Amino acid sequence: VTLGLSQDVLTVSELAGAVKLLVEETIQPLWVRGEVTGCKAWSSGHWYFTLRDAGAQLRCCMWRTYAQRAGRPPADGTAVYAFGRPTLYEGKGEFQFVVQRLLPTAAVGDEQLRLEQVKASLAADGLFDPARKRPLPRYAERAALVTSTDGAALRDIVTVTRKRWPLATLLVVASRVQGDGAAGELVAALERVNHLDVDLCIVGRGGGAQLDLAAFNDEAVCRALAAVRVPTVSAVGHETDVALTDLVADVRAATPSAAAELAFADAADVRRQVRQLGTRLARSLGRRAELLDERLARAGDRLDASMEQRLAATSHRADRLGAELDALSPLRVLERGYAVPRDESGRVLRRRADFVEGAAFSLRVADGEVPSRVRPE
Amino acid sequence: MNQPRGSGPPAAASLAEELDRLEQIVRALEADELDLDAALALFEEGVARLRRARERLASAQLRVRAVLEDADGSLRDAELDG
Numbered sequence: 001v002t003l004g005l006s007q008d009v010l011t012v013s014e015l016a017g018a019v020k021l022l023v024e025e026t027i028q029p030l031w032v033r034g035e036v037t038g039c040k041a042w043s044s045g046h047w048y049f050t051l052r053d054a055g056a057q058l059r060c061c062m063w064r065t066y067a068q069r070a071g072r073p074p075a076d077g078t079a080v081y082a083f084g085r086p087t088l089y090e091g092k093g094e095f096q097f098v099v100q101r102l103l104p105t106a107a108v109g110d111e112q113l114r115l116e117q118v119k120a121s122l123a124a125d126g127l128f129d130p131a132r133k134r135p136l137p138r139y140a141e142r143a144a145l146v147t148s149t150d151g152a153a154l155r156d157i158v159t160v161t162r163k164r165w166p167l168a169t170l171l172v173v174a175s176r177v178q179g180d181g182a183a184g185e186l187v188a189a190l191e192r193v194n195h196l197d198v199d200l201c202i203v204g205r206g207g208g209a210q211l212d213l214a215a216f217n218d219e220a221v222c223r224a225l226a227a228v229r230v231p232t233v234s235a236v237g238h239e240t241d242v243a244l245t246d247l248v249a250d251v252r253a254a255t256p257s258a259a260a261e262l263a264f265a266d267a268a269d270v271r272r273q274v275r276q277l278g279t280r281l282a283r284s285l286g287r288r289a290e291l292l293d294e295r296l297a298r299a300g301d302r303l304d305a306s307m308e309q310r311l312a313a314t315s316h317r318a319d320r321l322g323a324e325l326d327a328l329s330p331l332r333v334l335e336r337g338y339a340v341p342r343d344e345s346g347r348v349l350r351r352r353a354d355f356v357e358g359a360a361f362s363l364r365v366a367d368g369e370v371p372s373r374v375r376p377e
Numbered sequence: 378m379n380q381p382r383g384s385g386p387p388a389a390a391s392l393a394e395e396l397d398r399l400e401q402i403v404r405a406l407e408a409d410e411l412d413l414d415a416a417l418a419l420f421e422e423g424v425a426r427l428r429r430a431r432e433r434l435a436s437a438q439l440r441v442r443a444v445l446e447d448a449d450g451s452l453r454d455a456e457l458d459g
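These protein sequence lines are chains A and B, in that order. Residues in the first sequence are numbered from 1 upward in steps of one, following the working numbering. Residues in the second sequence are numbered from 378 upward in steps of one, following the working numbering.
So, in C-alpha cells, the structure goes:
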C-alpha cells in the first residue's frame with residue numbers, strides 16, 4: 001500500500017485545529033433560536049446543553065461568567081434566543097456553540113417585536129442602503145462627539161485621538177446615552193451637530209456588562225443620525241450586539257477607541273507622506289535647475305541681452321526657491337553622503353553612548369531608510 | 378450659527394486639499410512637460426503648500442471643547458470641565 005504523498009499528511013490535531021480556525025474565522029458571533037434540552041449546570045458554574053429544532057441539534061456550552069448573568073438553567077423545551085460563536089471542541093471533535101447570552105423567547109417577545117418594526121420602517125425609507133454610505137474624510141480636523149461627558153467613550157476617544165491625530169479639535173455635544181430621556185437628548189444633540197463646522201460626527205457610548213441599547217435603537221435617534229450633514233461613525237461600545245444606529249451610520253465601529261482610529265488618520269503616516277512629497281519636489285527642481293544652468297551657459301551666442309537678463313532672473317528665482325526648500329529639508333545634506341541614525345522610536349542617535357550593543361536602529365540616507373544593528377564587540 | 382475655523386485665513390485649504398494639490402504639483406513637475414516659467418510657479422506653490430502642511434502637522438495639541446447652548450438657542454464652545 002502506498003500513500004499518495006503529493007500533500008503533507010496532517011495529524012488529527014492539525015486537521016481539527018485547521019477546521020476550528022476556519023469555523024471561527026468565517027462565522028461571526030450570531031443569534032440562534034431553538035429549544036433547550038438537557039441543560040446541566042456543573043459545579044464549576046459552566047452550563048452544557050443542546051439546542052434543537054425539528055431538523056438539527058447544536059451542542060452548546062456557556063461559561064460561568066455568562067451563565068451567572070443568565071440566571072437559572074432553562075428547563076427542557078424552553079424556546080430561547082442564544083447569542084454566541086460556533087467553534088470546534090478539538091478534544092472531542094465536536095462542533096460546538098459557545099453561548100454568551102440566553103434569552104427566553106417569551107421574555108424578549110415585545111421588545112424584539114418593536115425593534116423589528118422600527119428596523120422595517122427605517123429600511124423602507126432606505127436608511128440602511130449601502131448606496132447612502134458616505135466615505136469618511138481622509139484628514140478630519142474637527143469632529144463632533146455626541147456622547148455622555150462622564151462615560152468611558154469620551155475618555156477613550158480623547159486618548160486615542162491625542163496619540164494618533166493630535167491636530168484635531170473635538171467638539172463634545174453632551175447627551176445622556178441610556179435611561180429615560182436619553183433618546184430625546186441624543187436627537188437634540190445630533191440636530192446641534194448640523195450647526196457646527198465639523199468634518200465628521202461620532203456618536204457612541206462605552207461598553208458595559210448590562211448594556212442598554214434602547215436609545216441607540218430608537219427610531220427618532222436613527223432618523224436624526226441619518227440627517228446629520230457630515231459623515232457619521234456609530235460606536236456603541238459592544239463587540240457583539242449591533243444597534244440600529246450602527247446600521248444607519250456611514251461607518252460602524254466596534255468600540256469608541258476603534259471609532260477614533262477609523263475617524264482620524266495617523267499623524268506619523270501623514271508626516272511620512274509629506275516627507276516623501278518634499279523629497280520628490282526637491283528632485284523635480286534639481287532637474288529643472290540643471291536645465292536652467294545649461295541654457296544660461298548657452299545663452300550668450302543665441303539670445304539677446306533682454307532674454308539673457310530674463311533667464312538670469314528666472315535662474316535666480318530657482319536658486320531662491322531651492323534655498324527655501326533646503327531650509328525645509330535635510331535632504332541636501334543627505335545627498336552629500338551624510339546619514340542620520342535613529343532608534344526604533346525615531347530618536348536621533350548622536351553619541352557613542354546612544355548605540356546599545358546589539359540594538360536595532362535605522363539609517364536614514366538620501367533615498368530611504370537602511371535597517372541596521374549595532375555589532376557586538 | 379456656524380462657527381469659524383480656528384485661526385488662519387478664512388479660505389484656508391484643508392490638509393486634504395493641501396496634500397492633494399501637492400501631489401498634483403509633484404506629478405506635473407516630474408512629468409517634465411511644462412515650460413520653465415510654469416514649472417517654477419508650480420514649484421513655488423509646492424514649497425508653500427509643503428510648508429503649510431508641515432506647520433499644520435507640527436501644531437499638535439489636541440483640543441477638546443464642550444458645545445454649549447445659550448439661552449437664545451445659539452451654540453458656542455468652551456473648555457470641557459473635568
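Even glycine gets a Cβ: it sits at the ideal position worked out from N, Cα and C. Computed from a prediction, not measured in an experiment: that's the story for all the values here.
For Ser43 of chain A, there is no enclosing beta strand (DSSP E), since its DSSP letter is neither H nor E. Contact check for Leu154 of chain A and Thr147 of chain A: beta-carbon distance about 5 Å, within the 8 Å limit, so the pair qualifies. If you check each beta-carbon in the stretch 117-146 of chain A against every beta-carbon of chain B, the ones closer than 7 Å belong to Pro137, Arg138, Tyr139 and Glu141. In this structure, Thr78 of chain A lies near Pro104 of chain A, with their beta-carbon atoms less than 7 Å apart. Contacts with chain B at 7 Å (Cβ-Cβ) include Gly278 of chain A. Taking the C-beta atoms as reference points, Arg142 of chain A is found no nearer than 7 Å to Val230 of chain A. Within chain A, the residues whose beta carbon sits less than 7 Å from that of Gln438 of chain B are Pro166, listed in sequence order.
Only residues of its own chain outside the window of five on either side were considered, and among them Ile402 have a CB closer than 7 Å to the CB of Glu422 of chain B, listed in chain order.
Counting the other CB atoms within 10 Å of its CB gives Ile27 of chain A a total below 16, which places it among the exposed residues. Looking from the CA of Ala75 of chain A, the closest CA among A:Asp343, A:Leu51 and A:Ser43 belongs to A:Leu51. Beta bridge pairing from DSSP links Cys61 of chain A with A:Tyr48 and A:Val98. For Ser362 of chain A, there are no neighbours in chain B by C-beta distance under 9 Å, as the nearest C-beta there is about 20 Å away. Going by DSSP, Thr87 of chain A is part of the beta strand (DSSP E) stretching over Ala79 to Tyr89. Looking at the DSSP output, Phe361 of chain A bridges to A:Ser372. Of all residues in the stretch 423-456 of chain B, the ones placed with a Cβ closer than 8 Å to any Cβ belonging to chain A are Gly423, Val424, Leu427, Arg428, Ala430, Arg431, Arg433, Leu434, Ser436, Ala437, Gln438, Leu439, Arg440, Val441, Arg442, Ala443, Val444, Glu446, Leu452 and Asp454, in chain order. Rounded to whole angstroms, Leu247 of chain A and Phe128 of chain A show a C-alpha spacing of 6 Å.
Using a Cβ-Cβ cut-off of 7 Å, Val23 of chain A is close to nothing in chain B; its nearest Cβ partner there is about 42 Å away.
Boundaries of the beta strand (DSSP E) harbouring Glu456 of chain B: Leu452 to Glu456, taken from the DSSP string. For Ser43 of chain A, the closest C-alpha among the options A:Leu167, A:Ala56, A:Pro73 and A:Phe355 is that of A:Pro73. Among the residues facing chain A, Glu407 of chain B is included, as its CB has a counterpart in that chain under 7 Å away. Ala353 of chain A counts as exposed, since fewer than 16 other beta carbons sit within 10 angstroms of its beta carbon. Look at the stretch 247-292 of chain A and you find these whole runs of beta strand (DSSP E), each 3 residues long or longer: 251-253. Chain A places a beta carbon closer than 7 Å to that of Leu399 of chain B, counting this residue as a contact.
In the DSSP assignment, Leu171 of chain A falls within the unbroken beta strand (DSSP E) covering Thr169 to Ala174. A direct Cα-to-Cα measurement between Ala182 of chain A and Arg283 of chain A gives close to 57 Å.
In the assembly as shown, Glu395 of chain B is a buried residue. Its beta-carbon has 16 or more other beta-carbons within 10 Å. Contacts between Thr232 of chain A and chain B, judged by CB atoms closer than 9 Å, are missing: the closest CB pair is about 16 Å apart. By the neighbour-count criterion, in which a residue is buried when 16 or more other Cβ atoms sit within 10 angstroms of its Cβ, Asp250 of chain A is buried. One thing to note: Leu213 of chain A has its Cβ no nearer than 7 Å to the Cβ of Leu196 of chain A.
Classified as exposed, Arg33 of chain A has fewer than 16 neighbouring CB atoms from the shown chains inside 10 Å of its CB. For the stretch 243-274 of chain A, the beta-carbon criterion of a distance under 8 Å to any beta-carbon of chain B is satisfied by Ala267, Val270, Arg271, Gln273 and Val274.
For the C-beta of Ala390 of chain B, not a single chain A residue is nearer than 8 Å; the gap to the nearest is close to 11 Å.
Gly34 of chain A sits in a strand when the DSSP states are folded into three classes.
In the three-state DSSP reduction, Leu154 of chain A falls in the helix class (H, G or I).
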